[in-house]
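Here the first sequence stands for residues 139 to 692, where the numbers follow our numbering.
By construction, the Cβ of each residue, glycine as well, lies at the ideal position given by its N, Cα and C atoms.
Beneath this line is the structure, given in structure tokens, with notes to follow.
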Amino acid sequence: MNLKEELANLIFPNIKETIEDLERRYPERNLKEGAKVTRFAPSPTGFLHTGSLFTSMIANKIARDSGGIFYTRLEDTDTKREIEGSDKLLLKQLKEFGIVPNEGYFGDHEEGIYGPYVQSKRKEIYETVIKELIIRGDAYPCFLTPEDLEALREEQTKNKEITGVYGKYAKYRDLDVETAISWIKEGKPYVIRFKSRGNHENKIKVHDEIKGDLLLTENDQDVVILKSDGLPTYHFAHVVDDHFMHTNLVTRGEEWLASLPIHIEMFRVLGFKAPKYAHLPVIMKLDDGNKRKLSKRKDPEASVDYFLSQGFEPSSLLVYLMTIANSNYEEFIVQTKDYDLDHFKFSLKKMSLDGALFDNDKLAFYAKEILSKMKKEEIAVKSYERAKKFSPELKEFIEEDYSRYEEILNIDREKKNPRKDYAKYSDIYPIIKFFKHDEYLNILKSPLEFNENISKSIIKDFLAAYLGNYALEADENVWFQNVKEIAVKFNFCGDNKLYKEDPGKWSGNINDACEIIRLAIVGRKVTPNLFAIMKILPKDEIDFRIKSTIDTLN
RNA sequence: GCUCUGUUGGAGAAGCGGCUUAACUCAAUGCCCUCUCAAGGCAUCAUUCAUGGGUUCGAAUCCCAUACAGAGUACCA
139 MNLKEELANL IFPNIKETIE DLERRYPERN LKEGAKVTRF APSPTGFLHT GSLFTSMIAN
199 KIARDSGGIF YTRLEDTDTK REIEGSDKLL LKQLKEFGIV PNEGYFGDHE EGIYGPYVQS
259 KRKEIYETVI KELIIRGDAY PCFLTPEDLE ALREEQTKNK EITGVYGKYA KYRDLDVETA
319 ISWIKEGKPY VIRFKSRGNH ENKIKVHDEI KGDLLLTEND QDVVILKSDG LPTYHFAHVV
379 DDHFMHTNLV TRGEEWLASL PIHIEMFRVL GFKAPKYAHL PVIMKLDDGN KRKLSKRKDP
439 EASVDYFLSQ GFEPSSLLVY LMTIANSNYE EFIVQTKDYD LDHFKFSLKK MSLDGALFDN
499 DKLAFYAKEI LSKMKKEEIA VKSYERAKKF SPELKEFIEE DYSRYEEILN IDREKKNPRK
559 DYAKYSDIYP IIKFFKHDEY LNILKSPLEF NENISKSIIK DFLAAYLGNY ALEADENVWF
619 QNVKEIAVKF NFCGDNKLYK EDPGKWSGNI NDACEIIRLA IVGRKVTPNL FAIMKILPKD
679 EIDFRIKSTI DTLN
């Protein structure tokens, strides 16, 4: 046994397998030509970030479109930042957006033969690879302390050099193995670093599926691959996991682009075939005139939880995100009126190179668009489900009379250009609550804002004449003619053009007459179609409301 | 500081050497329609593609410099 083997055995006494064994354990996936294997690999450090949703939506889409696999992997190697329970939450929220992996970590269980899909459970796999790397001389124990590193950085900064552990600064890379062995036996703390053969004077050509051919600086840093807590760093875990899980397209945030040379070098040294990469732009936000990454601390939109609790239909966020991902998706929508993401052909090549500003207005536009296109049955069910969790008042309202609720939602819905009152489910109740008797009583507590140019007595008499005489049996036209006939008796003008010629001649125009009825029945000046509302309200309720209004005028 | 990567209207962007008087979408504004609102229809909104040079008969498109922005620079991911 040579010294390097001795060192490797000292560090990993329990590891008996080799990389070759692992290759046999995790054979090539049997997929059709062109099938993409993608993944979403979150860290359990909080709720789902909007950027993560964006990334996973794309990864999922690519895998599905190509007949491949989309899987999830938990990257829980940072025990300090880990937040209890966030792993389950992440997967649950992903599911609410209809993103369900084909295999991997599901929050409560794992599926698939390439597991474990939780990094903390893959220790022996990393150790197996590192052990071999040590034997080959491509990795070594490093005894630099945090203080040493600090001092080194300071010196390098002072000398305007590139900071880090590389070249002559990689103090322990060529330490003789015997010394290393004895130090480890003494219990000296250490990490394992990858021994880079690169030179930062060299440029390497890399290809990114979005950004195209790129010239990056070759890596020469001896990065840490195994931390002193025995867990791997991201860089190493990425290389090992994506290799043995046979990811062939890595989709990740742009912030990883800078470390791509490290990954490429590791894949090469290990003799693994590197996957393709797509570094996705990061969603930004304007702050004081400067663009910056959406921040969970500063921006509510950074958390997917915000959209869910606000009551956005999950698919509408997805549609919006897809318009950022591929702006030609908007043209697709205009042409097809089809909001089903499955029908759209996504292309990495069409992605923008830099991060888009999150646009709440545009989200609202698509959100309204999508809710307005839903069948009344669907929006009723979905809003009811949400109300059960977030809105006790709406829940109660719905349960009073479910079919009435559907009818209310259906006002001006079943036509080519439906109303767009709601951007989110939480917009529903405030708009429709006036249907409730008690809510109407509430509204009446403050005076109704009748047009001050019309005398109270005219309003009162007009309402009294209208009371009980609604003409709701036939269509809207008949209803309106009826309103007009009665209004004309009180000197309201039935013809707007005529009214405009000399407003002084009239009590008001027909709009004013309608406003009086609207205020009496709904209590607001702005409502959906009055005829439709009156059709839904019981006749005695309408009677009650008109009488009550007349009473307030006395 | 250093290393990368970007920069087309208020926002998302198309365009990738002549077909561009810069598409399309959101926002904004105005008009029309109209019982209010929403929706819808119509129209307006970049003489110019960060700036300055260059190449070319011709540049948003190619080259160079500058400016600005973003990312990375951890025993975090």
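If distances are taken between C-alpha atoms only, which option among the options comes closest to residue i?
i    : options                : result
D214 : N198, S258, G409, G206 : S258
F192 : S224, N428, S441       : S441
A502 : M512, Y560, D203       : Y560
N589 : C652, L369, P568, V344 : C652
K571 : S584, R542, E552, K594 : R542
G253 : M383, L141, G350       : M383
N555 : D565, I596, E507, A525 : E507
V175 : E155, D225, T301, H381 : H381
L369 : D379, R260, D159, Y310 : R260
P399 : Y415, I342, V407, K429 : I342
Q448 : R311, S564, I149, F628 : S564
R551 : A518, N615, H417, L532 : A518
L495 : Y578, V315, K431, L582 : K431
H575 : D681, N620, G275       : D681
G305 : E292, E339, D314       : E339
A179 : M195, L169, N168       : M195
With a Cβ-Cβ cutoff of 9 Å, do residue i and residue j count as a contact?
i    : j    : result
D367 : S334 : no
T385 : P413 : yes
G229 : F244 : The question names Gly, but residue 229 in the sequence shown is Leu. Contact flag set, yes.
F445 : Y467 : no
N580 : G646 : no
N357 : G391 : no
F374 : Y264 : yes
L212 : S190 : no
L160 : T266 : yes
E393 : T188 : no
V660 : I671 : yes
L271 : V388 : no
Please classify residue i: is it buried, with 16 or more other beta-carbons within 10 angstroms of its beta-carbon, or exposed?
i    : result
L353 : exposed
E451 : buried
H80  : No statement about residue 80 is possible, as the shown extent of the chain runs from 139 to 692 and does not include it.
G409 : exposed
K296 : exposed
K487 : exposed
A277 : buried
I566 : buried
R186 : Residue identity differs from the one stated: residue 186 is Leu in this sequence, not Arg. Classification for L186: buried.
S521 : buried
A289 : exposed
L424 : exposed
N428 : exposed
N692 : exposed
V472 : exposed
V664 : exposed
H376 : buried
N629 : exposed
A505 : buried
Please report how far the alpha carbon of residue i lies from the alpha carbon of residue j, in whole angstroms.
i    : j    : result
E166 : L509 : 44 Å
K411 : D426 : 44 Å
I655 : K553 : 25 Å
C631 : A609 : 20 Å
A173 : L395 : 24 Å
V238 : L232 : 7 Å
W617 : D492 : 56 Å
Y415 : I421 : 19 Å
D225 : L456 : 21 Å
Y255 : G242 : 6 Å
S584 : L668 : 21 Å
I251 : E285 : 43 Å
| query | Okay, do the region 314 to 322 and the region 141 to 148 touch, 3+ Cβ pairs below 8 Å being the bar? | reply | yes
| Below 8 Å, can you find three or more Cβ-Cβ pairs linking the region 441 to 461 to the region 190 to 207? | Yes, the region 441 to 461 touches the region 190 to 207.
| On the three-pair Cβ rule with 8 Å, is the region 547 to 555 touching the region 514 to 525? | As far as the Cβ criterion goes, the region 547 to 555 touches the region 514 to 525, which means the pair count is three or higher.
| How about the region 279 to 287 and the region 295 to 311: do they share at least three Cβ pairs that are nearer than 8 Å? | yes
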